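Chemist:
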Amino acid sequence: MPLIKAGTAAADPYAAVADEAPLPEGPTVVSLTRFRKDRDTLLARNTPLGVRLKSDESPEALGEDVARLSLIVLEFPKFRDGRAFSWARMLRTRLRFTGEIRATGDFLYDQLSYMTRVGFDAFEVPETITPELYRRALGEMSNVYQPSADGRKTIRELRAGK
Amino acid sequence: MLTANRLRDGDVVYWRAGNWVETFGEGDILAGKPEAEAALEAAHKFVADNVVVNPYLFEVQADGTPVKEREIIRAAGPTVRHDLGKQAHGLTPDGVLRAAAARDVVVVPDRSKERDDDVSV
Amino acid sequence: MYRYDEFDAAFVKERTEQFRYQVERRLKGELTEDQFKPLRLMNGLYLQLHAYMLRIAVPYGTLSAKQLRMLAHIARTYDKGYGHFTTRQNIQFNWPKLKDVPDILADLATVEMHALQTSGNCIRNVTADQFAGATAEEIEDPRPLAEIIRQWSSLHPEFVFLARKFKIAVGATPHDRAALKYHDMAVEIVKNEAGETGYRVLAGGGMGRTPYIAHMMREFVKREDILAYLEAVLRVYNQDSRRDNIHKQRIKILINTIGPEEMRQRVLREFEEIRAAGTLQLPAEELARIAAYFAPPAFETLDDHSPEFEAALQDDDFADWTASNVHRHRAPGYAIATISLKPVGGVPGDCSHVQLDALADLMDRFGMTEIRVSHEQNLVLPHVRKKDLPAVFARLRELGLATANAGLVTDVICCPGLDYCDLANARSIPVAQKIAERFADLDRQHDIGELKIKISGCINACGHHHAGHIGILGVDKKGVEFYQLLLGGSGAEDASIGQIMGPGFGEHEIVDAVERVIDTYLKLRTNGERFLDTYRRVGMEPFKNMAYQEQLYAAH
């Protein structure tokens, strides 16, 4: 699947590893189950590590280890399941996660701007969503009413001339 | 019978010989289960082609009126406003209108028309 | 009333274009119906029994004459000449075509209106007391806060794909006219012991299949913290609500599963974090800036006794109308007038384009800047000079809008039911109409006094049957309409959930049953008791005995 990162097409250096499969060399993504089972081994490796969370798995389950990950993948089992919007926001504002937050699964063009606002910066997209379309999605609404993880100025701040 | 709503305007449509018509009375009565299921299967092409949404089958009685009140109202229009829906455009067969009327509805005058000449400018 | 600034105007305009693009992609097949449905619902567009239905927001129920004229224009141009006011301060059009909806939204945007979040699993149109700014009872006008909530909730990136819908109401009076305790979340403007104004927040109320009265979440939230608190509740809801069973995904289920105390603890944690971050602090200047828009019109200095008004009371019709539809205003010489949309023989909540236009003219003629929509599906003129009331009444009567039944037995709340709704099991409107005919005699209605009948055509409870003094729920029994009777509900400050009386009644029996129940009340009531008071005193039994006494089933 194509990957859009920071608004442009990007190669995906990470290898997704099944729970029982041997660990490959290089950057790896594992499930929360695998992470819990092989935590010490995984963290001891000198290579970027990502964890993939299901929509009912709070990032708080990772505890302090969040800081030692370089990628967190949040799954959308159905595009209507909006829990990952709160998880991404939590990763950025409560857990201060600065690595990549990647969306995978079933989501729509029409959700890209919300996802970006709450802290996603990478998207595993179907072929139909190009980087051009991604940028179009972000440009649909010029201004926003709410503060979120993207730190954008809100309409209230713009009104106050801040 | 087989029915759906047209995507573009939402109108209720009925299946006739591999396509859709707006009039209940012109819709095919699909006699047997295999025939009905084949029609429903064929209708999914129209869903894929973005012509209709939500096709489904419903039962009619021997006299051709729907078994369920929901389908009587869909074929006629609101029972409380006879100036609206298919019944207002002569698209509802008499049998269905009689079935709707048998439900003892209160007939409401069309207030919007009544008031037209009553407006001060 | 609130006026859009350049930011609000651009926002609604861009949102319209965003929806236009979604419609284009749907018509071209780039979006499937499953994908498009949540997107169109977020813009108030349903596919109903006969056609699409567009639900337009009237935030906190306030409209200008210009906006009324636009609604009339939409009714005429894109629909079939009428609109329907709902129980949550929205107006619905029943016959728009999908391809026209972006143009309708563009027209609405020119008068600062929209259909944003009037459906879908997101924060819905925020509602408020229809007497806001006009009643002497209130601590302050609840609409500035409602407007702030409207802005905060508009396309909130974290909360547009919630587990279910989320409805918020704001009130500011001891007498609750906004059904606060039946909302997912409600904000009551209160004063604390130190005399400071702040907010009491409730959550977890709701109707539907499993009705609940809201729980207290926090007794007093400081003004500057209110958005932080609301966001905290939403955040806990979005993270912790079930997603595996559509009937168990409202916040009421979450709160009643984990318990209100656990909910308060989870919310508190989020609240303190958001408050510490400071990003959602509501500066006093911002609240004051918004509140300035809602400053009441400059009331003339009038004597509270108006000779014109008092002379007109000689007319029985006017006196009847005044008794039920006119309420006390905060300013001397002024009154609040309720325009009933429940004429005998009419469809509750419906209003024709001619009436909408004529009401706008009436507003202009009497210098009124606002009209309100109530959750009871009526309209309200919030600031009428008492001396103008006779002329206002005369004009309303010409328009078929002077029914003197506000709050009485024929002022029935009623969902569209099976005549329009794809989800309904039974019709509601004909039942409301038969009740209106049976009790058409005004003397009888006034004798019965305050009695709220609420009818829903299915378990979803859009007609608020749980909250009716008498509630009626339409069910489908083997393809035939049946109606269950509930007694003792209230959506007001004394909120309670109606109890089902027993087996349902057939379509031809239900109005007789209602009449027997009311006759029982008239026999049992003591001085000054409303129906609800009598029911609460004597319980279900005497009503039940009377309702079933004459073997209503024998006829079948």
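Protein chains in written order, with my numbering: chain A, 844 to 1005; chain B, 225 to 345; chain C, 811 to 1366.
Beta carbons: idealized from backbone N, C-alpha and C, even for Gly.
Just so it is clear, the structure is predicted and the values come from calculations on it, not from any experiment.
#1: Any Cβ of chain C within less than 7 Å of the Cβ of Val-277(B)?
#2: Taking the CB atoms as reference points, tell me whether Pro-1070(C) and His-1276(C) lie closer together than 7 Å.
#3: Counting contacts by CB-CB distance shorter than 7 Å, is Arg-298(B) in contact with chain C?
#4: Going along the segment 233-265 of chain B in order, which residues come within less than 9 Å of chain C, judged by CB to CB distance?
#5: Please report how far the alpha carbon of Ala-262(B) lies from the alpha carbon of Leu-915(C), in whole angstroms.
#6: Figure out for me which residue from Gln-899(C), Thr-897(C), Arg-898(C) and Phe-903(C) has the closest Cα to the Cα of Gly-891(C).
#7: According to the Cβ coordinates, are Pro-1153(C) and Gly-1227(C) closer than 7 Å?
#8: Give the DSSP bridge partners of Lys-1264(C), in chain order.
#9: Taking only three categories from DSSP, how would you classify Ser-1162(C)?
#10: Is the distance from the Cβ of Leu-914(A) to the Cβ of Gly-942(A) below 7 Å?
#11: By Cβ distance below 6 Å, which residues in the same chain neighbour Leu-1283(C) in space, the five residues on each side in sequence not counted?
#12: Within the segment 904-988 of chain C, note down every full beta strand (DSSP E) run reaching 3 residues or more, in order along the chain.
#13: What are the residues in the segment 843-863 of chain C lying within 7 Å of chain B by C-beta distance?
#14: Assuming Gly-1273(C) contacts Ser-1238(C) (C-beta within less than 8 Å), just tell me the rounded distance between them.
#15: Let me know the secondary structure DSSP gives Asp-1343(C) once reduced to three states.
#16: Please work out which residues of its chain come closer than 6 Å, Cβ to Cβ, to Gln-811(C), disregarding the five sequence neighbours upstream and downstream, and give them in chain order.
#17: Under 6 Å Cβ to Cβ from Lys-848(A), same chain only, skipping five residues before and after it: list those, please.
#18: Could you list which residues in chain A have their beta carbon closer than 8 Å to that of His-924(C), in chain order?
#19: Using DSSP bridges, identify the partner residues of Glu-1291(C).
#20: Considering only C-alpha positions, which residue in the set Ile-1280(C), Ala-1147(C) and Cys-1224(C) is nearest to Ala-1214(C)?
#21: In chain B, what lies closer than 9 Å to Val-911(C) by C-beta?
#22: So Gly-925(A) and Leu-855(C) are supposed to be a Cβ contact under 8 Å. How far apart are they, rounded?
#23: Using beta carbons (cut-off 7 Å, strictly below), is Pro-990(A) in contact with chain C?
#24: By the DSSP assignment, the beta strand (DSSP E) with Asn-229(B) in it spans what residues?
#25: Taking Cβ positions only, does His-1057(C) come closer than 7 Å to chain D?
#26: Report the CB separation of Met-1350(C) from Thr-1330(C) in whole angstroms; it is logged as a contact under 8 Å.
#27: Buried or exposed: which applies to Tyr-952(A), given that a residue is buried once 16 or more other Cβ atoms fall within 10 Å of its Cβ?
#28: Considering only C-alpha positions, which residue in the set Ser-1184(C), Pro-1107(C) and Asp-1221(C) is nearest to Gly-1155(C)?
#29: Using C-beta distances below 7 Å, list every residue in its chain close to Glu-1291(C), excluding the 5 sequence neighbours before and after it, in chain order.
#30: Buried or exposed, going by whether 16 or more other CB atoms sit within 10 Å of the CB of Gly-1014(C)?
#31: Can you find a C-beta in chain C that's less than 7 Å from the C-beta of Ile-304(B)?
#32: Against chain A, which members of the segment 820-840 of chain C pass a CB distance test of less than 9 Å?
#33: Can you find a C-beta in chain C that's less than 7 Å from the C-beta of Leu-321(B)?
#34: Closer than 8 Å is the cut-off here; do at least three beta carbon pairs connect the segment 1073-1086 of chain C with the segment 1035-1043 of chain C?
#35: Are the segment 927-936 of chain C and the segment 1181-1189 of chain C in contact at 8 Å, needing three or more beta carbon pairs?
#36: I think Asp-252(B) touches Trp-244(B), with their Cβ atoms under 8 Å apart; what is that distance to the nearest whole Å?
Modeler: The short version:
#1: As a first step, residue 277(B) is located in the second sequence; it is residue number 53 there, counting from the start. Val-277(B) counts as touching chain C.
#2: Within the third sequence, numbered from 1, the residue matching residue 1070(C) stands at position 260. Within the third sequence, numbered from 1, the residue matching residue 1276(C) stands at position 466. Going by C-beta atoms, Pro-1070(C) is not nearer than 7 Å to His-1276(C).
#3: Here the question's residue 298(B) lines up with position 74 in the second sequence. Cβ-Cβ to chain C under 7 Å: yes for Arg-298(B).
#4: Taken in chain order, the members of the segment 233-265 of chain B whose beta-carbon sits within less than 9 Å of a beta-carbon on chain C are Asp-233, Gly-234, Asp-235 and Val-236.
#5: Here residue 262(B) refers to the residue found at position 38 when the second sequence is read from its first residue. Here residue 915(C) refers to the residue found at position 105 when the third sequence is read from its first residue. Spanning the two alpha carbons is a distance of roughly 40 Å.
#6: Translated into the one-based positions of the third sequence, residue 891(C) becomes position 81. Minimum Cα distance to Gly-891(C) is reached at Phe-903(C).
#7: Indexing the third sequence from 1 puts residue 1153(C) at position 343. Indexing the third sequence from 1 puts residue 1227(C) at position 417. Result no, Cβ atoms of Pro-1153(C) and Gly-1227(C) do not sit closer than 7 Å.
#8: The count along the third sequence starts at 1 and reaches residue 1264(C) at position 454. Looking at the DSSP output, Lys-1264(C) shares a beta bridge with Ile-1223(C) and Gly-1281(C).
#9: Locating residue 1162(C) in the third sequence gives position 352, counting from the first residue. Strand, per DSSP.
#10: Here residue 914(A) refers to the residue found at position 71 when the first sequence is read from its first residue. Here residue 942(A) refers to the residue found at position 99 when the first sequence is read from its first residue. Taking C-beta atoms as the reference points, Leu-914(A) and Gly-942(A) count as a pair closer than 7 Å.
#11: On the third sequence, position 473 is the one that residue 1283(C) refers to. For Leu-1283(C), where only same-chain residues beyond five positions count, the Cβ hits under 6 Å are Ser-1266, His-1275 and Gln-1294.
#12: 978-981
#13: Glu-843, Leu-857, Leu-859, His-860, Ala-861 and Tyr-862
#14: Here residue 1273(C) corresponds to residue number 463 of the third sequence, with the count starting at 1. Here residue 1238(C) corresponds to residue number 428 of the third sequence, with the count starting at 1. About 6 Å; that satisfies the 8 Å criterion.
#15: On the third sequence, position 533 is the one that residue 1343(C) refers to. Asp-1343(C): helix per DSSP, three-state reduction.
#16: Position 1 of the third sequence, counted from the start, is the residue given in the question as residue 811(C). In the sequence as presented, Gln is not what sits at residue 811(C); that position holds Met. Hits under 6 Å: Thr-872 and Glu-1180.
#17: Looking up residue 848(A) in the first sequence gives position 5. Same-chain partners within the cutoff: Ala-965.
#18: Taking the third sequence and counting its residues from 1, the one referred to as residue 924(C) is at position 114. In chain order: nothing, as chain A lies at least about 13 Å away.
#19: In the third sequence, residue 1291(C) corresponds to position 481, counting from 1. DSSP, once it has assigned bridges, lists Asp-1286(C) as partnering Glu-1291(C).
#20: Counting from 1 along the third sequence, the entry for residue 1214(C) is found at position 404. For Ala-1214(C), the nearest C-alpha among the options comes from Ala-1147(C).
#21: One-based indexing of the third sequence puts residue 911(C) at position 101. Per Cβ cutoff of 9 Å: no residues; Val-911(C) is ~10 Å from chain B at best.
#22: Translated into the one-based positions of the first sequence, residue 925(A) becomes position 82. Translated into the one-based positions of the third sequence, residue 855(C) becomes position 45. With 8 Å as the limit, Gly-925(A) and Leu-855(C) do not qualify as a contact, their Cβ atoms being about 20 Å apart.
#23: Counting from one through the first sequence, the residue named residue 990(A) turns up at place 147. Yes - at least one Cβ of chain C is within 7 Å of the one on Pro-990(A).
#24: As a position in the second sequence, residue 229(B) is number 5, starting the count at 1. Element bounds for Asn-229(B): 226-230.
#25: Included in the structure are the protein chains A, B and C, with no chain D among them.
#26: Within the third sequence, numbered from 1, the residue matching residue 1350(C) stands at position 540. Within the third sequence, numbered from 1, the residue matching residue 1330(C) stands at position 520. Not really, about 11 Å apart at Cβ, beyond 8 Å.
#27: Position 109 of the first sequence, counted from the start, is the residue given in the question as residue 952(A). Buried: at least 16 other Cβ atoms inside 10 Å.
#28: In the third sequence, counting from the first residue as 1, residue 1155(C) sits at position 345. Comparing Cα positions, the closest option is Asp-1221(C).
#29: The residue you call residue 1291(C) lines up with position 481 of the third sequence. Hits under 7 Å: Ala-1236, Arg-1237, Gly-1284 and Glu-1317.
#30: Counting from one through the third sequence, the residue named residue 1014(C) turns up at place 204. Gly-1014(C) should be labelled buried.
#31: The residue you call residue 304(B) lines up with position 80 of the second sequence. A small fix is needed here, since residue 304(B) is Val in this sequence, not Ile. Chain C, which has a Cβ nearer than 7 Å to the Cβ of Val-304(B), makes this yes.
#32: Ala-820, Phe-821, Glu-824, Arg-825, Glu-827, Gln-828, Tyr-831, Gln-832, Arg-835 and Glu-840
#33: By one-based count along the second sequence, residue 321(B) stands at place 97. No, Leu-321(B) lies away from the interface with chain C (no Cβ there is under 7 Å from its Cβ).
#34: yes
#35: no
#36: Start at 1 with the first residue of the second sequence, and residue 252(B) comes out as number 28. Start at 1 with the first residue of the second sequence, and residue 244(B) comes out as number 20. Not confirmed; about 11 Å, so no contact.
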